[in-house]
Amino acid sequence: MNPPNITDAELEVMKLLWQKEPLSANEINLRLSEQMQWSYQTIKTFLNRLHKKNAIRFEKAGRNYLYYPLVSYEEYLKTENRSFLDRVYNGAVGTLFAKFLEEESLSDKDIEELQQLLEEKKKS
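The structure is reproduced here in C-alpha cells:
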C-alpha cells in the first residue's frame with residue numbers, strides 16, 4: 004500500500020509526530036500555532052485530514068486525544084522522492100544525478116561518499 008499524499012501544511016503536523024509520539028492535540032496546537040500562526044481549528048482540520056488519509060491514528064486518553072504517525076518518515080521520503088523523480092525526470096535517476104552533479108559543488112568528502120555508494124550499488 005502506498006503512503007497517502009501529504010500536503011505541505013499537513014507535513015508540518017507529521018514532522019512533529021515523527022520527532023515525538025504520541026502528542027496531544029493541545030501539544031500540537033502549542034507548537035504549530037506559534038510556529039505557523041495557525042488557529043486551533045486549522046490544526047484540528049489538518050489532524051482530521053491526516054486521520055482520514057490513514058497517515059495518523061489517535062487514542063482517547065482521559066479528556067485528551069493522543070496522535071501517532073502511521074506513515075514513517077522513511078516511507079514518506081521514498082514516496083516523495085519517487086514522485087519527484089517521475090514528475091521532473093520521467094523516472095530517469097541517472098539524469099537527476101547528472102544534473103545535480105553538474106550544478107552543485109561537492110567537497111572531496113562528498114565525492115568519496117558518493118563513489119563508495121556507487122561501488123556498493125554496483126556490487127549488489
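Mapping to the numbering used here: the sequence shown position 88 is 91, numbers consecutive. Every residue, glycine too, gets a C-beta built ideally from N, C-alpha and C.
*I114 - containing alpha helix (DSSP H), residue span*: By 1-based counting over the sequence shown, the position of residue 114 is 111. Note, I114: alpha helix (DSSP H), 111-126.
*According to DSSP, what are the bridge partners of E62?*
For the purposes of this step, residue 62 is taken as the residue at position 59 of the sequence shown. Its beta-bridge partners are L69.
*Look at the alpha carbon of L53 and the alpha carbon of D89, and state the distance between them as a whole number of angstroms.*
Residue numbering aside, residue 53 sits at position 50 when the sequence shown is read from its first letter. Residue numbering aside, residue 89 sits at position 86 when the sequence shown is read from its first letter. Whole-angstrom Cα-Cα distance: 24 Å.
_Going by DSSP, what residue range makes up the alpha helix (DSSP H) through N32?_
One-based indexing of the sequence shown puts residue 32 at position 29. N32 -> alpha helix (DSSP H) spans 28-39.
*Quick one: Cα of E37 to Cα of L50, how far?*
Start at 1 with the first residue of the sequence shown, and residue 37 comes out as number 34. Start at 1 with the first residue of the sequence shown, and residue 50 comes out as number 47. Taking the straight line from one Cα to the other gives about 17 Å.
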